[in-house]
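I have placed the structure first, in the form of structure tokens, so that the comments after it can refer back to it.
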């Protein structure tokens, strides 16, 4: 709304005008000032110099308050001291000034930090007032609180997120490990809860780590994490029915090797199937873009990554996203991200369902005893269940891609005559059934 | 309250006297609507010479608040005017001295001078008249000038053959 550039000039001019007409202290300067400023404003007006001069001489004799506009020559002038609080020629009654300052402080006490300055020369107007320690402390505290509000809000939101993540972390540990082992992890050997830094940082980190484990960016960093969080209570020992701690610690390494195996042996087929269902123009676009993005060290990385993302993050609909990627980049990416986050956060529950209900209740006739002997601990069963779920999902989505590609390769457009024939056949069948 | 009202009246009388003694060259006239009510004035603004506003005259409605001069007077154009910072229908003026940059040093007459100067230095980045601002911002000076001229002729009494003789 405010109109700074347009106004800066006018205001200067009007200020000049105001000062020179209202208060003139030095007659020689103001005499030259007024006509020039008026002439600047309006060159056409022809003004005789005499009345101006007369007025200035008249005004020079009297003091005029710039707030109430009364001069001391008038009888009804307020009985108050004259004050000249700033460098320029403005003078005013003390009572008028005080009222103006009170009005300013009431309406915009935060704008200028409580400083009052002359509207014309911008000199700070200083007030002499009794100092009160209490008042200053309270006002200072008020200002500090005002400044701290955004920080406090941020801290509040942050702690809400922290608590939510911690609760999720605890739930995840109970889901994956089962109550017994979870108690051991969380409470320590003497079953006494103490808030250690491992829990304080580790628990809220769980959802982030789960989500991050879906993104390729952190692949190299993740294997380090379990070393930090599992080396404290159980010493890591390697045995055949693997201990829970070592299972969890091995998880990231398993993931990395699984991914690289997948890319090595299955990736090329998958890529081919995706290509088969992608329109030619989209392929060209993506190739072009790849050429632009291509960096010397990883020539095929973008294609691989996209292929992998499609397979990882969208179950059967992966191919769909691939095709649209060219034109609706942002939308598809958005849904990919939500899919990814949801999938990552749901993984512990899925792992538990598979581990408990499928592996734990595997029928004896099909070798259920062997499974339970190899994986005696509930935790390990859950983790293996989660792994199985991931592998299953990947293969189902891979199979869908394969099927889709097959469909695309063999499909044909029907001639309308064929369509008519088929319709007639269907109608005949319907009437004969009746 | 009555004492402050009296103070407002006193200052307004002073301003009026000062204007009568030393008229503002930007204005054709400036006076309260009636002698009884000093808080409502009507001003007639002259178009700036050498601009498409030249020759036009615009009525401006001036309302003075009860805590004048601590608060700015409310001003709006009664005569339609084509200007990026003035609303075409309501006549509202976007000018900082009428809002937060107001100070008691300004008088009604000097405030009208700033409005007069706003006519020559429009600020198309904070427009109230979006169309005029858009024309100006597109750099079509000729189009903008003729738009302003048209409005000045249609509403502000600018002679249609002004400047052609």
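Chains as they are written, first to last, in UniProt numbering: chain A, 1 to 434; chain B, 1 to 165.
Cβ atoms here follow ideal geometry from the backbone N, Cα and C, with glycine treated the same way.
Model, not experiment: these values are computed from the prediction.
Within 9 Å (strictly less), CB to CB, does residue i reach chain C?
i	result
residue 67(A)	Of the chains in the structure shown, none is chain C; the protein chains are A and B.
If I measure Cβ to Cβ from residue i and keep anything under 6 Å in the same chain, skipping five residues before and after, which residues do I get?
i	result
residue 382(A)	176, 351, 352 and 355
residue 35(B)	none
residue 44(B)	28, 29, 57 and 59
residue 162(A)	204
residue 76(B)	61, 91 and 92
residue 8(B)	68
residue 102(B)	72
residue 85(A)	125
Residue i to residue j, Cα distance in whole Å?
i	j	result
residue 403(A)	residue 291(A)	30 Å
residue 149(A)	residue 99(B)	28 Å
residue 257(A)	residue 179(A)	30 Å
residue 91(B)	residue 129(B)	10 Å
residue 97(B)	residue 122(A)	15 Å
residue 247(A)	residue 386(A)	12 Å
residue 359(A)	residue 254(A)	20 Å
residue 161(B)	residue 145(B)	15 Å
residue 433(A)	residue 422(A)	16 Å
residue 96(A)	residue 115(A)	17 Å
residue 67(B)	residue 165(A)	56 Å
residue 119(B)	residue 11(B)	28 Å
residue 134(B)	residue 155(B)	22 Å
residue 138(B)	residue 111(B)	30 Å
residue 147(B)	residue 132(B)	8 Å
residue 106(A)	residue 21(B)	36 Å
residue 201(A)	residue 375(A)	30 Å
residue 88(A)	residue 123(B)	30 Å
residue 102(A)	residue 82(A)	18 Å
residue 333(A)	residue 160(A)	Only weak support exists for where residue 333(A) lies, its pLDDT of 48 falling under 50; the value from the coordinates is given anyway. Looking at the two C-alpha atoms, the distance is approximately 27 Å.
residue 395(A)	residue 267(A)	12 Å
residue 13(B)	residue 134(A)	44 Å
residue 159(B)	residue 50(B)	14 Å
residue 140(A)	residue 132(A)	12 Å
residue 95(B)	residue 32(B)	22 Å
residue 53(B)	residue 136(B)	15 Å
residue 389(A)	residue 199(A)	28 Å
residue 195(A)	residue 167(A)	14 Å
residue 209(A)	residue 342(A)	13 Å
residue 23(B)	residue 89(B)	29 Å
residue 366(A)	residue 397(A)	27 Å
By Cβ distance below 7 Å, which residues in the same chain neighbour residue i in space, the five residues on each side in sequence not counted?
i	result
residue 63(B)	39, 40, 73 and 74
residue 276(A)	405, 408 and 409
residue 104(A)	116
residue 235(A)	With a pLDDT of 49 at residue 235(A), under the threshold of 50, the predicted position of this residue should be treated as unreliable, though the coordinate-derived value follows. Same-chain partners within the cutoff: there are none.
residue 26(B)	45, 46, 112, 113 and 116
residue 130(A)	none
residue 104(B)	69 and 70
Can the beta-carbon of residue i be found less than 9 Å from the beta-carbon of residue j?
i	j	result
residue 119(A)	residue 169(A)	no
residue 94(A)	residue 117(A)	no
residue 106(B)	residue 69(B)	yes
residue 152(B)	residue 47(B)	yes
residue 171(A)	residue 348(A)	yes
residue 345(A)	residue 211(A)	yes
residue 274(A)	residue 420(A)	no
residue 18(B)	residue 85(B)	no
residue 340(A)	residue 214(A)	yes
residue 67(A)	residue 99(A)	yes
residue 16(B)	residue 42(B)	no
residue 173(A)	residue 187(A)	no
Chain B partners of residue i, CB-CB under 9 Å?
i	result
residue 100(A)	69, 70, 103 and 104
residue 172(A)	Simply none; closest approach about 53 Å.
residue 120(A)	103 and 105
Residues of chain B with CB closer than 8 Å to the CB of residue i, please, in chain order.
i	result
residue 166(A)	Simply none; closest approach about 47 Å.
residue 254(A)	Ordered by position in chain B, no residue passes the 8 Å Cβ test against residue 254(A), which lies about 60 Å from the chain.
residue 124(A)	Here the premise fails: no neighbours, minimum Cβ distance about 14 Å.
residue 90(A)	105
residue 81(A)	What residue 81(A) touches in chain B: nothing, since even the nearest Cβ is about 17 Å away.
If I measure Cβ to Cβ from residue i and keep anything under 8 Å in the same chain, skipping five residues before and after, which residues do I get?
i	result
residue 436(A)	Outside the displayed span of chain A (1 to 434) sits residue 436(A), for which this structure offers no information.
residue 440(A)	As shown, chain A starts at 1 and ends at 434. That puts residue 440(A) outside it, with no answer to give.
residue 150(B)	82
- Task: Check distances from the C-beta atoms of the stretch 4 to 17 of chain B to those of chain A and list, in chain order, the residues that come in under 8 Å.
- Result: 7, 10, 11, 14 and 15
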